[in-house]
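Residue numbers (our numbering): 6 to 426.
Glycine residues also receive a C-beta, built at the ideal position from the N, C-alpha and C atoms.
All values derive from a computational prediction rather than experimental measurement.
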Ligand SMILES: Cc1cc2nc3c(=O)[nH]c(=O)nc-3n(C[C@H](O)[C@H](O)[C@H](O)COP(=O)(O)O)c2cc1C
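This is the structure we're talking about:
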């Protein structure tokens, strides 16, 4: 095995391969995990065996492959309980609709489902299935139940499927799953929520939270665009914290270069107009958090051809206002989320501008941050925020964005209780 960065050195992964076409990607996943120093054991379901051979899995993992619950050899040597507990993390890839249904309902009628029930370790699922199977109410219910029980999800992604249809259901790529494995195993990104948030975990359990994050890119011509410095770190951290507090999270992200949070449904967009459409499609929700730095303007009349220089004067553009996503969601007459939270990045008169924004947009809470020079907000890793609501201003000290996210999720959970009880 090539010695790539050893970020998973010594970590023990139990990989369960279910019966879907994406099983072939799991062979690459094994390689990627081992390149990073992980020790991989594999379990292959009977349906999984129809797609890849135990020999391939055994050769790539360097370990025997486990297939049978009632295997005398396995029970004598290790036993199914030990197999599930000796791992640091259980990864199910592809997680079929069937495996998810069994795990969500506590069925244990084969080796894979018995291991999922017997384990006391984190479980990371990489679903892969036909788009209609993924959107079926039964699968939606099962995914929500698994999330509520603490399982983590990576994907599925949107894309073309082997069956010729298009939509959500493609298994995430092996390197994306490796990122999710790394995040799930890194204790520093797995700090338990503070007590208040942990108590509120039951409040966000089963709740739907829609979050926007990152910048938007507004085209000037087919190759150029207007953008801003937002990294998406704060919005993504909030999505991660909300998922850990038990919520079903849809994260609508503009173009960013940071990994997707684990256990959230991703929608990737480019422009403000795309973002609005994705937000509308993700509704209804209990909480909407607009953390994205949406471009205020876009260029009118973007053509299909690249603009050329040479005429002496530069091109002139007419900028027109983009839709106001926060104001739109706040003013929904039917299906307005119980709690609508906006962000305000200001360089001057921070609190006055934030109070004005609260009133203008009709939202419940504004998270205001100072983006004047000398601070580390746009694109950085820490943030000093002030929560502005009708009740006044609550100021927090300089915190890293993960901590801001945890506290904000905790605060939202409290406010949701107040508003809905
Ligand atoms: C060609 C073919 C492809 C399939 N692909 C998938 C798939 O991608 N996802 C899925 O959930 N089920 C898929 N199925 C159905 C599963 O194989 C079936 O539900 C099986 O019982 C799953 O067993 P397991 O969950 O124990 O692996 C497919 C079936 C066939 C015949």
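In the DSSP secondary-structure assignment, residue 253 is bridged to 213. Judged by beta-carbon spacing, residue 48 lies within the 7 Å limit of residue 21, meaning their Cβ atoms are closer than that value. When the Cα atoms are used, residue 320 and residue 230 turn out to be separated by approximately 14 Å. Ligand 1 has no heavy atom closer than 6 Å to the beta-carbon of residue 98. Collapsing the DSSP output to three states places residue 328 in coil. When rounded, the separation of the alpha-carbon atoms in residue 234 and residue 244 is 20 Å. Cβ-Cβ distances below 6 Å link residue 46 to 19, 68 in the same chain, with the five nearest sequence neighbours on each side left out; the list follows chain order.
Residue 88 has its alpha-carbon roughly 9 Å from the corresponding atom of residue 79. At a Cβ-Cβ threshold of 7 Å, residue 288 and residue 257 do not count as neighbours.
The residues 179, 180, 183, in chain order, have a CB closer than 7 Å to that of residue 37 in the same chain once the five nearest residues on each side in sequence are set aside.
In the three-state reduction of the DSSP assignment, residue 414 falls in the helix class, which pools H, G and I.
One Cα belongs to residue 125, the other to residue 90, and the distance between them is close to 6 Å. When distances are taken from the beta-carbon of residue 116 to the heavy atoms of ligand 1, even the shortest one reaches 6 Å or more.
Closer than 6 Å to some heavy atom of ligand 1: that describes the Cβ of residue 26. Relative to residue 339, the option among 349, 290, 301 whose CA is nearest is 290.
In this structure, the CA atom of residue 295 is about 14 Å from the CA atom of residue 392. Among the bridge pairs identified by DSSP, residue 172 is matched with 164.
At least one heavy atom of ligand 1 is found less than 6 Å from the C-beta of residue 134.
The beta carbons of residue 101 and residue 24 sit closer together than 7 Å.
In the DSSP assignment, residue 86 falls within the unbroken alpha helix (DSSP H) covering 85 to 90.
Around the beta carbon of residue 274, 16 or more other beta carbons sit within 10 angstroms, so the residue counts as buried.
Relative to ligand 1, residue 324 has its C-beta separated by 6 Å or more from all heavy atoms. Taking every protein chain shown into account, the CB of residue 140 has fewer than 16 other CB atoms within 10 angstroms, so this residue is exposed.
With a cutoff of 6 Å, residue 131 does not count as near ligand 1, since its C-beta is closer than that to no heavy atom of the ligand. Relative to ligand 1, the beta carbon of residue 102 is positioned inside 6 Å of a heavy atom.
Residue 190 and residue 93 have their C-alpha atoms some 8 Å from each other.
For the pair of segments examined, the segment 70 to 79 was found to touch the segment 112 to 120: the number of CB pairs separated by less than 8 Å reaches three. According to the DSSP assignment, residue 344 belongs to the beta strand (DSSP E) that extends over 344 to 351.
When DSSP reads this structure, residue 224 sits in a beta bridge with 230.
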